[in-house]
Structure formats: structure tokens, C-alpha cells
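Going down the list, the protein sequences come from chains A and B.
Numbering follows our numbering, in which position 448 of the first sequence is assigned residue number 448; successive positions increment by one, without gaps.
Position in the second sequence (first residue = 1) + 476 = our numbering.
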Amino acid sequence: MVSISKIRKNSKKVLGRNERYLEYIRPHNRRNAFKIADDKVITKRLLAKHDIPVPKMIRVINSYEELESIDFNELPSSFVIKPVHGVRGGGVDIFYNRDSEGQWIRADKSKVSISRLKTLCRDIIDGKYSLNNEQDIVLIEERVKTHKGFRYHTFKGAPDIRIIVFNNIPVMAMLRLPTERSKGKANLDQGAIGSGIDMAVGKTTHSIYGKAGAIEKIPHTRLPVSGLRMPYWHRILKYSIEASKAAGLGFAAIDFLIDRDLGPVIVELNARAGLSIQLANDTGLRERLKKAGGIKVKNVEHGIRLSKDLFGGEIEEGIEAISGKNVIGLIESIKVFSKDDESKYEKLKAKIDTGATITSIDTGLARELGYSEAIDFADENLKSVPQSIQDLSEVKKYAKEQQLEKKLTEHPDIADTAIIKQSGGITYRILINIELEISDRKVSAKATVFDRSNLNYKVLVGSRDLKNFLIDVSRK
Amino acid sequence: MDTLIEILRNRNLTKEEIGLLENSFLLLMTLPIVTTISGIARYIIGLKSLSVYAPIVLTFAFYELGYIEADKSTNVIQGLKFGLVLFMIVLLVSTLTYKLIRRVRMHYTPKATIVLMAVSISVIMAMCFGTLLFEKKGLIYLDAFSVIMIMTLSDQFVSLLSRKSLNHTLIVATQTLTTSVISYSIISLNATKDFALNYSLLLILGLLFINFFVGKFIGLRLTEYIRFKELIFRDTEEENGDGKHKQNKKK
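Shown next, in the form of C-alpha cells:
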């Protein structure tokens, strides 16, 4: 049983419709802003004026007369029709292609002839989908082509990303993925998937399937919904703040589509943000709004930074923000860069070992990355080291006598030398300068080179090169 | 109200005239009572309704249907019985007719008219068959105006159906009905009537107070506790066991 005090505490985090209206929509949105948000044509013009990308407008149909004067055959084979004052995605129709008889094809393969299309337009003009059934205007715009990153996750239609902006800070975000059930529409009511997004990194976290509750995988597939990265995340946050500013909406939900070529485009501004986003994120909105409320946001970048810092969910993000260190696991995927070419690198799993001081790298891998010359040079010089010496002090003595270190470090790639004591005996090795990237952070490491080909990991990162990291042993 | 009546009585008003006045007062006062109840149902409980007017229209239709002219009394059972039957007919016939002609391409108003015609015919049929089958004439004597009031809801069904799913429409219809039945039960109570007549000032002040409270209410609606149950009725700060997606916001 959940205790009453817990319920009270939890319910304080959730935003309800009453509070949304009285405390957020009404006080923070100018009357003029409603007019802008409720009219998609005005929205488009305003955003375009502020250099915020929007889908390209093809036509606007104001009346029956205008409808009759249009030659529908001039329309492209793929486009979208929308009611300008439409609410909740009603009346939106997306056409993907046109068949040989001139009929347009919808996501569910149903076909629409010109006369049917005209009827759809008439319905819109009649106000079937507008706020109070008032006369409406038809908007025809270019169809946004689904971004490659979502290709396998979405059914037909393009997924849409909604950002709730309050006080110039993006406070919560949701990705809506069209499914077969939603007939390719990104509408939760119709059965789309809603995924919460981590504000700091733009990755999906928790997800719900329409009104049916939490899901882990895309229906009929084995694709996990969480961990999906939003392309252009920073730009999305930037545009969302700029759009809310431009429209004068202090509290707004801003809907993006990601076009394959254009990147993020804004399709809609909403003065009345829906509340289901809380279920998708598995987190209450009220708590976040209260946090964002009192802050004076200096500029757009400041807003983005605040959003990422305050609402970037994962615990480790928090630790990283406080300590300035990245959290990594015992086995971490890293990049090892080629010696001469910054753009060339090897991506592999490395062992993070705080028990070792020095990083080491496999000889074969080092050769591939362009260190062959240095390795051969070292081999040449080390050949003379007698294998019989098995005492640390003796090796040191020998190295000093032969001035091994001085000789070896003359080579530009060799940074240092080291005497390594292992179960197999004592060896004298070279250290090379090498560039690594661990958890998106560049590290200039010095690594010993030896044959690790029979070991599980070709690279081992030692404590000397782990100064900027915290290690979470439970992380996989 | 008493003082007002006292003054009027002194101006030679007959008993009947005063009775009429009292009746009008009651009827007029019940309007804000009903809207107050709809307000509570909407903002505190969170019941949806077809429109702002729907519960009011329905409540008064019930009221008229249950009103017995002969002894100026109210028969709650009769009001509810006829009211519910009519409501069901309107709901069912509207839905069915709309489903039938949904695919036909035509303008909205003619479409709604066809639906309304079907409803009208069904109501008349129900009146005739009801009288024939049960040998009761109650249905014939139904207040025509109330019947029409209920029938106007048909348009609201169709409008909702054209935009939302059948399921949603039925839920909204049921919740509208619930609000109306509660309102009707309350205004039909003799106690309510007595209170309204005897303590008119108190009633007005009370309604004002309640409406200010409801108007300023920013807490969660009761239905929202159900909607957000996953967020509210959970025990741990972390969720899903792994805590990976959990926000770092412990203060």
C-alpha cells in the first residue's frame, strides 16, 4: 500500500488541468499570442520572420470560391492538408504519393480522388475541425520527410517532437512516434507512442503506447523505444525558446518535425499544452514548472543551459554536472585516434582499470594507427636487452648504462619508457603519445605498447589517464 | 424572499399570484444551483460534458418531465424514467444513423438534419409503441418542450462523433448524464426547495462562496488522480527498479 503522505507528495508534482489554466496558460500567455498559436498561417509567417524553419507552404484556401478556382492537378504528389484553426490534429491529412489515375495515396493505402479531396477541404472550411466549429481555412504544405534516425521506429508518418517551454526554459519534451494503430499519425489519442526525452542529452527515456500505458519496445518489432537520440537536439531547444519568445507565449508547447534535409522545423505552436507528456516522461510537470518559474533567463543559450542542467534527468548527469567528471563503466566504448589523421579512428571496447597506472595498447592496433615506425625503432633498440635480467634494480642499472631512455625518446612518437613488472617477468617498454576519446571527452594518453592480441580488450586505460572520470562499477 | 413577499402581499397580491412568484423564483434559483453542480462535476470531480449547456438542458428536461401539473409536485422517478429513456433513444439513434451515413459525402448541417429526423421519428415511434405495449398514456402527455430539449443534444453527439471515437463520445455522454441526474435529484428534493424559499439570501451567498472556491481551485481533479495514477500512486522515489531514468531532484 502506498501511504497517504506519499500520495499527497506525489500529487503535488503533477500538473492538472485546473492549475494549468489558472496558473500558467492565462497569466503567461498574452491574448495576442493565442491568436498567433491558433492560426497556423500566422504562426508560419511569424516564425519565418524570425529565421526559424517551418515546412514550406504550398497554398491557402480561404473559401469555396477559391477552392473551385484551384487546379488540384498542379499539387505535388506528396503534401499535407490542415485546418488553419484545427485542434488536436483533427482534419490533418497526409498524402504520400499519387497513382496513375491521379488519386493521392494515404498512409493506410486508401486513395483520394480530386473530388474527395475537395470534400475534405470543404469540411475544413465548414469548420468541422476548428475550435468552435467556426469557418476555417485550408492550409496545404509540403510533407516533411522522415529523418533517417527514425526510419525503423516509425510507421509511415514522421514522428514529432514536442517541447514545453516555460519562462524561456524548455522544461519537458516528448517524442511522438506514429504507429500502425495511429495510422501514421503522431497523435497519442489515436494510438501513437509517446516517449519522454531527457533534456540534457535528447535521448528517449520512458514510453507510453497511446492510452494503454508503458511499453518498452515498438509494437511488432524488437526495437527498444528508450535510448533513441534526437537529431539536432541543441537546435531544437534553441528554436523552441526563440519561437515562444517570438509569439509571446510564456507557457507553450512547441511541435517539431525533423526533415531529412532541412533538419528541425516547427509545425505548430500551442498555447494549451497537453498534460499527457507527464505520463510519457513518467514525471510531473508541476514540479519542473515551479523550478523554472523564478529564474531570470538572460538569453537563449542561458535557457538551453538551464534546461539541460535542471531537467537533464539521469542521476549521473547530475553528478557529472557537480563534479565536472564523466561517469563511465568498467568496460567502456572508446575511440582511439590515428596518429596522423584526426578523422580516422578505431572504435572499440576498452577495459577501465584503476588497478593499473599506465594505459596500454595492443601492438597490432598501434601499428594500424600509424605507430609502426616507433615500434620498429624501439624493437631495434631493445633487442640488446638480455632476457636473463629478472631483477628490477638490475634492469634499471642496465637501462641507465645503455642510456636506453634517452635513445628511445629521441623518436617523436615515443613519450617515455617504463619498466613493467608482471607475472611473466620484467620488461622494458616504450610509451607512445596517443589520443583517446572516452565518453565524449578527449584524453591525451601515454600508452605502453605490447601484444594484447590474446587478451579480451585491446586497450586498457590506467588510472593516470582517468583523472576526469568517475567509475560506476554497476554500469554496463 | 420572505420580506419581499411580505411587501408584495401588502400590495394586494392574491395567494395564487404569490404562489406563481414563488415558483418562478424557485425555477430561476435552480439554474445557478444546477450550474454550480456542473462546475463542481467539471472542475473538482473532472467529469466531462458534451457542452456547458448539456447538463443544464438535461436537468431541466428531467424536471419538466417529472413535474405533475395536477398537484404541482415533482415525481423524481417519473422524471428520471422518461428522461433516461428519451436520452437513450437520442443517443442510440444519433449514433446509429450517423454511423450509417458517415461515409456519404455531404455538408455537415444536412447530415445533422438527417440524424435529427431519425431521432424525431424514433421518439414518436417510442411514444406510440410505449402507449400500445404498456397501455399507459404517460408518454402521450410528455412535455413536448422537454422532448425537444433532449433532442437538441443529438447535434452535440454527432459533432463529437465526427471528431472523436465512439468510445469517447459514449464516455462523455454518460458523464453528462451522471451530472444531470445528480443535479436533478438535488433540485427535486423538497428540502432544497424549502431552503431556497426560506433562506434565499443564505443560498445566494452560499452559491457565491462555492463558485469562488471552485473558480479558484487549482488542485487536481478527482479523475486526474486516475489519469496520472502511475505518477501518483507509487511508493518509491525511483521507478522501474533500475532508476536509470529517474530525475535527480531530491531536495
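Idealized CB from N, CA, C, for every residue including glycine.
Just so you know, these numbers come straight off a predicted model, no measurement behind them.
How about Lys590 of chain B: is its C-beta nearer than 8 Å to some C-beta of chain A?
Rather than Lys, the amino acid found at residue 590 of chain B in this sequence is Ile. Not closer than 8 Å to any Cβ of chain A, the Cβ of Ile590 of chain B fails to qualify, so no.
Output yes or no for whether 8 Å exceeds the beta carbon distance between Asp477 of chain A and Val144 of chain A.
The question about residue 477 of chain A has no answer, for chain A in this structure spans 1 to 476.
Along the chain, where does the beta strand (DSSP E) containing Leu431 of chain A start, and where does it finish?
Start and end: 425 to 438.
Below 7 Å CB to CB, which residues in the same chain sit around Gln103 of chain A once its five sequence neighbours on both sides are set aside?
Answer for Gln103 of chain A: Lys111, Val112, Ser113, listed in chain order.
Are there 16 or more other CB atoms within 10 angstroms of the CB of His583 of chain B, so buried, or fewer, so exposed?
With fewer than 16 other Cβ atoms within 10 Å, it is exposed.
Under 7 Å Cβ-Cβ, which residues of chain B neighbour Gly329 of chain A?
Within chain B, no residue comes near Gly329 of chain A; the closest Cβ sits about 13 Å away, beyond 7 Å.
Cα-Cα, which of B:Ile516, B:Gly559, B:Val657, B:Asn499 is closest to Val623 of chain B?
When each option's Cα is compared against that of Val623 of chain B, the closest is B:Gly559.
So with CB distances below 8 Å, who are the chain B contacts of Leu483 of chain A?
With chain A covering only 1 through 476, there is no way to say anything about residue 483 of chain A.
Over what stretch of residues does the beta strand (DSSP E) that includes Tyr481 of chain A continue unbroken?
For chain A, the structure presents residues 1 to 476; residue 481 of chain A sits outside this window and is missing.
Does DSSP put Arg20 of chain A in a helix, a strand or coil?
Arg20 of chain A falls in the helix class under three-state DSSP.
What does Ile7 of chain A touch in chain B if you count any residue whose Cβ is under 7 Å from its own?
Those are Ile708, Phe709, listed as they occur along chain B.
Which residue wins for smallest C-alpha separation from Leu67 of chain A, given the options A:Ile140, A:Lys211, A:Pro224?
Closest option to Leu67 of chain A, Cα to Cα, is A:Ile140.
Are Thr699 of chain B and Ile521 of chain B closer than 8 Å when you measure CB to CB?
Yes, these two residues count as a Cβ contact at 8 Å.
How do the segment 243 to 253 of chain A and the segment 221 to 228 of chain A stand: do at least 3 beta-carbon pairs fall below 8 Å, yes or no?
Verdict: no, contact absent.
Which residues, in chain order, does the segment 567 to 591 of chain B contribute to contact with chain A at a C-beta distance below 8 Å?
Cβ contacts with chain A come from Arg581, His583, Tyr584.
What is the rounded straight-line gap between the Cα of Gln723 of chain B and the Cα of Gly312 of chain A?
Per-residue confidence for Gln723 of chain B stands at a pLDDT of 40, beneath the threshold of 50, marking its modelled position as unreliable; no derived number is given.
For the segment 77 to 92 of chain A against the segment 152 to 162 of chain A, are there 3 or more C-beta pairs whose distance is under 8 Å?
In short, these stretches do not touch, since the Cβ pair count stays below three.
Given that Asn133 of chain A touches chain B, what residues does it touch there, using C-beta distances under 9 Å?
Simply Tyr584, Ser635.
Whose C-alpha, out of A:Ile254, A:Gly293, A:Asp282, is nearest the C-alpha of Lys705 of chain B?
Minimum Cα distance to Lys705 of chain B is reached at A:Asp282.
Determine the DSSP secondary structure at Asp376 of chain A, reduced to helix, strand or coil.
In this structure, Asp376 of chain A counts as helix in the three-state DSSP scheme.
Which chain B residues are close to Gln403 of chain A, counting only those with a beta carbon under 9 Å from its beta carbon?
Chain B residues near Gln403 of chain A: none, gap ~54 Å exceeds 9 Å.
Just to confirm my understanding: we take Gly555 of chain B, look at its own chain, exclude 5 residues before and 5 after, and list those with CB closer than 6 Å. What are they?
So the list reads Phe538, Leu541, Gly542, once near-sequence residues are dropped.
To the nearest whole angstrom, what separates the beta carbons of Leu502 of chain B and Lys669 of chain B, a pair I think is in contact under 8 Å?
At roughly 6 Å, the Cβ-Cβ gap stays under 8 Å, so Leu502 of chain B and Lys669 of chain B are in contact.
For Lys44 of chain A, count neighbouring C-beta atoms within 10 Å of its own C-beta (all shown protein chains included) and say buried if the count is 16 or more, exposed if not.
When all chains shown are included, Lys44 of chain A counts as buried.
Is Ala212 of chain A buried or exposed, if buried means 16 or more other CB atoms sit within 10 Å of its CB?
Ala212 of chain A comes out exposed.
From this set, A:Glu23, A:Asp126, A:Ala280, A:Ala214, which residue's C-alpha is nearest Ile163 of chain A's C-alpha?
Of the listed residues, the one whose Cα sits closest to Ile163 of chain A is A:Ala280.
Using the C-alpha atoms, what's the distance from Gln403 of chain A back to Phe477 of chain A?
Residue 477 of chain A falls outside the range modelled here, since chain A spans only 1 to 476, and no answer is possible.
Would you mind reading off the limits of the beta strand (DSSP E) that contains Asn270 of chain A?
Start and end: 263 to 270.
Return no unless some Cβ of chain B is closer than 8 Å to the Cβ of Asp38 of chain A.
Asp38 of chain A does not count as touching chain B.
Our contact map puts Ser63 of chain A next to Ile125 of chain A with C-beta atoms below 8 Å; I'd like the distance itself, whole angstroms only.
Their Cβ separation, rounded to whole angstroms, is 7 Å, which keeps Ser63 of chain A and Ile125 of chain A in contact under 8 Å.
I want to know whether the segment 295 to 314 of chain A touches the segment 168 to 184 of chain A - three or more CB-CB distances under 8 Å.
Result yes; three or more Cβ-Cβ pairs closer than 8 Å.
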